[in-house]
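K.L.:
If you scroll down you'll find the structure; I have some questions about it.
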Amino acid sequence: MQVFKAFCKLAWSYKIAICIYFGICAFMTFMVASQYSDTKKEEKYGNESYHITVADEDKSALSKAFIGFLKKQHTVEETAYEPELVKDLLYYQEMSAYITIPKGFEEKHRDSEPLKVESLSDKGQAAGVFINMQLSSYLEGVARMEKTGLSLEEAIKETEETNDFSKFVKLEGKENTSSNTHSKFYSLLLFLPYAVMTIILSTVLPVILIFSQKDIKDRTDISAVSNVTKNIALVAGGALVSFIVFLALFAFTSLFLTDDLFTGKWLLAALNLFIFTIVTTTLLILISAFSFLGIQKAKDVITNIIGLGFSFLGGIFVPLSILGDGVKAVGKFLPTYWYAVSLEQIDKGVRFSGLLKNFSMELLFGVVCLALGIAISSARKNAMS
Amino acid sequence: MSDTVVEIDHLVKRYKELIALDNFSLRIEKGEAFGLLGPNGSGKTTTINCLLSLLAYDNGEIKIFGERMTPNRLDIKKRIGVVSQNVAVFNELNVYENTDYFCGLYIKEKEKRKQYVEEALEFAGLLEFKKFYPKKLSGGLLRRLNIACGIAHKPELIIFDEPTVAVDPQSRNNILEGIAKLNESGATIIYTSHYMEEVEQLCSNILIMDRGKRIAEGTSDELKAMIKNTESVIVHIRNLEHELLDEFMKLPHVYDVKYMNDTLTIKCSGGKHNIVHVAEYLEKKQMNYDRIYSELPSLNDVFLEITGKELRDKE
Ligand SMILES: Nc1ncnc2c1ncn2[C@@H]1O[C@H](COP(=O)(O)OP(=O)(O)OP(=O)(O)O)[C@@H](O)[C@H]1O
Ligand SMILES: [Mg+2]
Numbered sequence: 001m002q003v004f005k006a007f008c009k010l011a012w013s014y015k016i017a018i019c020i021y022f023g024i025c026a027f028m029t030f031m032v033a034s035q036y037s038d039t040k041k042e043e044k045y046g047n048e049s050y051h052i053t054v055a056d057e058d059k060s061a062l063s064k065a066f067i068g069f070l071k072k073q074h075t076v077e078e079t080a081y082e083p084e085l086v087k088d089l090l091y092y093q094e095m096s097a098y099i100t101i102p103k104g105f106e107e108k109h110r111d112s113e114p115l116k117v118e119s120l121s122d123k124g125q126a127a128g129v130f131i132n133m134q135l136s137s138y139l140e141g142v143a144r145m146e147k148t149g150l151s152l153e154e155a156i157k158e159t160e161e162t163n164d165f166s167k168f169v170k171l172e173g174k175e176n177t178s179s180n181t182h183s184k185f186y187s188l189l190l191f192l193p194y195a196v197m198t199i200i201l202s203t204v205l206p207v208i209l210i211f212s213q214k215d216i217k218d219r220t221d222i223s224a225v226s227n228v229t230k231n232i233a234l235v236a237g238g239a240l241v242s243f244i245v246f247l248a249l250f251a252f253t254s255l256f257l258t259d260d261l262f263t264g265k266w267l268l269a270a271l272n273l274f275i276f277t278i279v280t281t282t283l284l285i286l287i288s289a290f291s292f293l294g295i296q297k298a299k300d301v302i303t304n305i306i307g308l309g310f311s312f313l314g315g316i317f318v319p320l321s322i323l324g325d326g327v328k329a330v331g332k333f334l335p336t337y338w339y340a341v342s343l344e345q346i347d348k349g350v351r352f353s354g355l356l357k358n359f360s361m362e363l364l365f366g367v368v369c370l371a372l373g374i375a376i377s378s379a380r381k382n383a384m385s
Numbered sequence: 001m002s003d004t005v006v007e008i009d010h011l012v013k014r015y016k017e018l019i020a021l022d023n024f025s026l027r028i029e030k031g032e033a034f035g036l037l038g039p040n041g042s043g044k045t046t047t048i049n050c051l052l053s054l055l056a057y058d059n060g061e062i063k064i065f066g067e068r069m070t071p072n073r074l075d076i077k078k079r080i081g082v083v084s085q086n087v088a089v090f091n092e093l094n095v096y097e098n099t100d101y102f103c104g105l106y107i108k109e110k111e112k113r114k115q116y117v118e119e120a121l122e123f124a125g126l127l128e129f130k131k132f133y134p135k136k137l138s139g140g141l142l143r144r145l146n147i148a149c150g151i152a153h154k155p156e157l158i159i160f161d162e163p164t165v166a167v168d169p170q171s172r173n174n175i176l177e178g179i180a181k182l183n184e185s186g187a188t189i190i191y192t193s194h195y196m197e198e199v200e201q202l203c204s205n206i207l208i209m210d211r212g213k214r215i216a217e218g219t220s221d222e223l224k225a226m227i228k229n230t231e232s233v234i235v236h237i238r239n240l241e242h243e244l245l246d247e248f249m250k251l252p253h254v255y256d257v258k259y260m261n262d263t264l265t266i267k268c269s270g271g272k273h274n275i276v277h278v279a280e281y282l283e284k285k286q287m288n289y290d291r292i293y294s295e296l297p298s299l300n301d302v303f304l305e306i307t308g309k310e311l312r313d314k315e
């Protein structure tokens, strides 16, 4: 109990380091979360209103209905400009898009020829992409309705009534244009192992190293507390701190995952991180077995090498899909890799049974660490006497 | 129940080729203040570490409180307090917390421990420094904290391994007086040092060791009686001709004469008025001198005579 209490007190003396690392992680979480924030998404694909100029050369029922549809959301001006002027206006962003509806638009459509609307807009811009998508989904919707035997008017009416275009487009846009190929869930949870490793390594490791300093260790060994009791207290202390770190980090990240709270996916992700935390703790046991080498002084270097190295090689900083085969081959020996793989699969909806192999690989690393750590410590003990 | 607290029998400890303890034996009786005196590297700490089962040894037997000591004898360890040669405290804990931690390794009851810790801090004169962290303490205070941590649980046997290294004379005296008090209140003390003055002041029984071997044992007076030297007459005199040294040898009881750095040392064995003889002789020869005085033998002389070397390098 005494050792355990002292362990906690010592760990607490590293509170400033904990706060700094936690601050960094919180910042990273904010950054990642902001890329997925709802307001930004709408800015890209949602109900943003644009200034659109339409040159209606057809003046048919369909073209009018179409313009009416655009007006629901955008500021629409019906004029025809010279091509040069169009380019200038687009360039100076006086308008976001210029659409020409050619003569015979409705006719061609009646002949069930493919619909084609000439749109002059800067395609690289979000507005251009967005308007083009709204445009084609509207026209496709009408054509689909007509195929079912409805008249043009009925088809237009039906299309506008049954389809919420902004939503439809939003969905499509999310899938087609996002540069983030991964979900918010995946991205937010992906770098947590780095946080877990750095925080635990920078608080628990120094404390364990203090207890394994020769003077302190000898002083405790000659006392009325047995070695077993002492080691249990140290492991319990390490486990407690690790568990708190796990809880704090996962809870904090969950604040940004309100949609996924308490779902199966969320629980599996928690389990994944929990297993990773256990494995990190066993890694500590292995590292501290080398305390006789005087690694106390190098603890910060060790923390960084392990934290950054494991994270890079295991696909924590860079998504697995981007990693080269060589890195992947090395990564397969690291728990970070299996964490990332598990997370990817959890995100895709794989159930617990499908994740068992990954979890086992993570735990296997822990078992190896533990076995090596104990082997080195006892070999060391035998060498001493 | 025998009253022997510590029994070390033919202890042998090797570090590779180096024989740190060579058939070393000792016995310490209850209530004794036992001094282990030896130069640096003579094996004092090694003896203590073997005694505490911190080190495995190659041969011999160790009994504490009449029972064989092994690493698992927590019941024996409970009755021992250790003030190690190196200060072993947590830099992250303050004076009170450190003392409480080490006391708590022995004493589980909270109330009792609180009282013991307070008493230990008072004993070490650290009450005003309770909230201080070790980094903020002077060398002497740090040593005192080390002592407080070692004795807080009121052990029956207390081992001090050079507790006064790098401590100023004032603190050193405080520490020695404190240890004497502990001894008076019934604790058996083992005190290792290479300062003969400390051991002489404190210990009722002294064992002198060198290179892992026991050289001599006894009270301070007994040890001094073992050697030829009973008195040294020292004369500060300039430009003494070396031929004259033989003349001094002819004086009664004189067995050795040395002249170095304007200091004449005349060693005598027996006799009562050696200084008078020397002074009269100088008078007769009309030799001028600055100072003349007589010194009784010290443990250093004992060590010097037995091993042929100084107990410690002159500082
Ligand atoms: N771990 C070790 N490995 C090898 N040799 C050692 C080790 N520890 C001590 N020694 C050697 O054993 C001898 C006795 O050392 P010890 O520390 O017991 O001396 P000591 O009397 O306590 O000296 P000091 O007054 O300097 O503390 C020395 O020669 C020392 O060099
Ligand atoms: Mg020593």
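Residue numbers (the numbering used here), protein chains in the order written: chain A, 1 to 385; chain B, 1 to 315. The beta-carbon is built from N, C-alpha and C at its ideal position, and this holds for glycine as well. Nothing here was measured: the structure is a model prediction, and the numbers come from that model.
According to DSSP, is Asn-132 (chain A) helix, strand or coil?
P.N.:
Residue state, collapsed to three classes: helix.
K.L.:
What's the C-alpha gap between Asp-58 (chain B) and Cys-50 (chain B)?
P.N.:
Computed Cα separation, rounded: 10 Å.
K.L.:
Could you give the distance in angstroms between the alpha-carbon of Val-54 (chain A) and the alpha-carbon of Phe-105 (chain A)?
P.N.:
Roughly 14 Å separates the two Cα atoms.
K.L.:
Leaving out the 5 sequence neighbours to the left and right, which residues in its chain are closer than 6 Å to Ala-17 (chain A) when beta-carbon positions are compared?
P.N.:
Correct list, in chain order: Ser-202.
K.L.:
Hey, could you find the ends of the beta strand (DSSP E) Leu-363 (chain B) is sitting in?
P.N.:
Chain B is shown only over 1 to 315; residue 363 (chain B) falls outside these bounds and no answer can be derived.
K.L.:
Give me, in chain order, the residues of the same chain whose beta-carbon lies closer than 8 Å to that of Gly-354 (chain A); leave out the 5 immediate sequence neighbours on both sides.
P.N.:
For Gly-354 (chain A), where only same-chain residues beyond five positions count, the Cβ hits under 8 Å are Gln-345.
K.L.:
Which one of B:Ala-152, B:Asn-300 and B:Phe-129 has the shortest CA to CA distance from Tyr-195 (chain B)?
P.N.:
Measuring from the Cα of Tyr-195 (chain B), the nearest candidate turns out to be B:Asn-300.
K.L.:
I need the DSSP call for Gly-104 (chain B), collapsed to helix, strand or coil.
P.N.:
Three-state DSSP puts Gly-104 (chain B) in a helix.
K.L.:
Give a single yes or no on whether Asp-341 (chain B) has its beta carbon closer than 7 Å to a heavy atom of ligand 2.
P.N.:
Residue 341 (chain B) lies beyond the residue range present for chain B, which begins at 1 and ends at 315; the question has no answer from this structure.
K.L.:
Starting from Thr-303 (chain A), follow the alpha helix (DSSP H) in both directions and report where the run begins and ends.
P.N.:
Residues 299 to 313.
K.L.:
Only counting the same chain, and skipping five residues up and downstream in sequence, which positions put a Cβ closer than 6 Å to that of Ile-227 (chain B)?
P.N.:
Counting only Cβ-Cβ distances below 6 Å, and skipping sequence neighbours, we find Val-302 and Glu-305.
K.L.:
Near ligand 1, which residues have their beta-carbon closer than 5 Å to a heavy atom?
P.N.:
This criterion selects B:Tyr-15, B:Ala-20, B:Asn-40, B:Gly-41, B:Ser-42, B:Gly-43, B:Lys-44, B:Thr-45 and B:Thr-46.
K.L.:
Does Gly-60 (chain B) come out as helix, strand or coil in the three-state DSSP assignment?
P.N.:
Strand at Gly-60 (chain B).
K.L.:
Specify, as a first and last residue, the run of the alpha helix (DSSP H) that Glu-177 (chain B) falls within.
P.N.:
Run containing Glu-177 (chain B): 169 to 184, per the alpha helix (DSSP H) assignment.
K.L.:
Return the CA-CA distance between Leu-207 (chain B) and Pro-169 (chain B), expressed in angstroms with no decimal places.
P.N.:
Roughly 24 Å separates the two Cα atoms.
K.L.:
Within its chain, find whatever has a CB closer than 7 Å to the CB of Glu-200 (chain B); leave out the 5 residues flanking it on each side and keep chain order.
P.N.:
For Glu-200 (chain B), where only same-chain residues beyond five positions count, the Cβ hits under 7 Å are Ser-220 and Leu-299.
K.L.:
Shorter than 8 Å from the beta carbon of Val-82 (chain B) to some beta carbon of chain A?
P.N.:
Yes, contact with chain A.
K.L.:
Just to confirm the assignment: which complete alpha helix (DSSP H) runs, minimum length 4, are found wholly within the segment 106 to 170 of chain B?
P.N.:
Counting only runs of 4 or more, we get 110 to 123 and 139 to 151.
K.L.:
Comparing alpha-carbon positions, which option in B:Phe-123, B:Thr-164, B:Asn-174 and B:Glu-162 lies nearest Cys-149 (chain B)?
P.N.:
Comparing Cα-Cα distances from Cys-149 (chain B) to each of B:Phe-123, B:Thr-164, B:Asn-174 and B:Glu-162, the minimum goes to B:Phe-123.
K.L.:
Roughly how many angstroms separate the alpha carbons of Leu-267 (chain A) and Gly-349 (chain A), rounded to a whole number?
P.N.:
One C-alpha to the other measures close to 12 Å.
K.L.:
Starting from Lys-87 (chain A) and walking both ways along the beta strand (DSSP E), at which residues does that stretch end?
P.N.:
Element bounds for Lys-87 (chain A): not the beta strand (DSSP E) but the alpha helix (DSSP H), 83 to 91.
K.L.:
Check the C-beta distance from Tyr-289 (chain B) over to Ile-237 (chain B) and give it rounded, since I have them as a contact under 8 Å.
P.N.:
Contact holds; Cβ gap of about 4 Å.
K.L.:
Should Ala-88 (chain B) be flagged as near chain A, meaning a C-beta pair shorter than 8 Å?
P.N.:
Judged by the 8 Å Cβ criterion, Ala-88 (chain B) is in contact with chain A.
K.L.:
Name, please, each residue of chain B whose Cβ falls closer than 9 Å to the Cβ of Leu-10 (chain A).
P.N.:
Near Leu-10 (chain A) (Cβ distances below 9 Å), the residues of chain B are Phe-90, Glu-92 and Leu-93.
K.L.:
Is Lys-130 (chain B) close to chain A? Criterion is C-beta to C-beta, closer than 8 Å.
P.N.:
With 8 Å as the cut-off, Lys-130 (chain B) does not count as an interface residue toward chain A.
K.L.:
Between Glu-162 (chain B) and ligand 2, is there a pair consisting of the residue's CB and a ligand heavy atom that are separated by less than 7 Å?
P.N.:
Yes.
K.L.:
What do you get for Lys-77 (chain B), buried or exposed, if any count of 16 or more other CB atoms within 10 angstroms of its CB means buried?
P.N.:
When all chains shown are included, Lys-77 (chain B) counts as buried.
K.L.:
For the pair the segment 27 to 41 of chain B and the segment 179 to 199 of chain B, tell me if three or more CB-CB distances fall below 8 Å.
P.N.:
Yes, they touch.
K.L.:
Whose Cβ in chain B lies nearer than 8 Å to the Cβ of Ser-288 (chain A)?
P.N.:
Neighbours of Ser-288 (chain A) on chain B: none; closest Cβ ~16 Å, over 8 Å.
K.L.:
Quick check: does the Cβ of Gln-85 (chain B) come within less than 7 Å of any heavy atom belonging to ligand 2?
P.N.:
Yes, Cβ of Gln-85 (chain B) sits closer than 7 Å to a heavy atom of ligand 2.
K.L.:
Within 10 angstroms of the Cβ of Lys-123 (chain A), are there 16 or more other Cβ atoms? Answer buried if so, exposed if not.
P.N.:
Since pLDDT at Lys-123 (chain A) reaches only 49, below the 50 mark, its modelled position is unreliable, and the value read off the structure follows with that caveat. Its Cβ having fewer than 16 others within 10 Å, Lys-123 (chain A) is exposed.
K.L.:
Suppose the cutoff is 7 Å on Cβ atoms and the five residues either side in sequence are ignored; what does the same chain contact list for Phe-386 (chain A) look like?
P.N.:
It is not possible to answer for residue 386 (chain A), since the shown part of chain A is limited to 1 through 385.
K.L.:
May I ask you to report which of helix, strand or coil DSSP gives Thr-46 (chain B)?
P.N.:
Three-state DSSP puts Thr-46 (chain B) in a helix.
K.L.:
Closest to Ser-49 (chain A) by CA distance: which of A:Ala-269, A:Asn-304, A:Val-76 and A:Val-207 is it?
P.N.:
Checked all of A:Ala-269, A:Asn-304, A:Val-76 and A:Val-207; the closest Cα to Ser-49 (chain A) is A:Val-76.
K.L.:
Of all the beta strand (DSSP E) runs that stay within the bounds of the segment 255 to 311 of chain B, which reach a length of 3 or more residues?
P.N.:
Whole beta strand (DSSP E) segments, 3+ residues: 263 to 268 and 291 to 295.
K.L.:
For Lys-230 (chain A), which residues of its own chain have a beta-carbon under 7 Å away from its beta-carbon, when the five flanking residues on both sides are left out?
P.N.:
Only Val-3 and Thr-220 meet the Cβ criterion.
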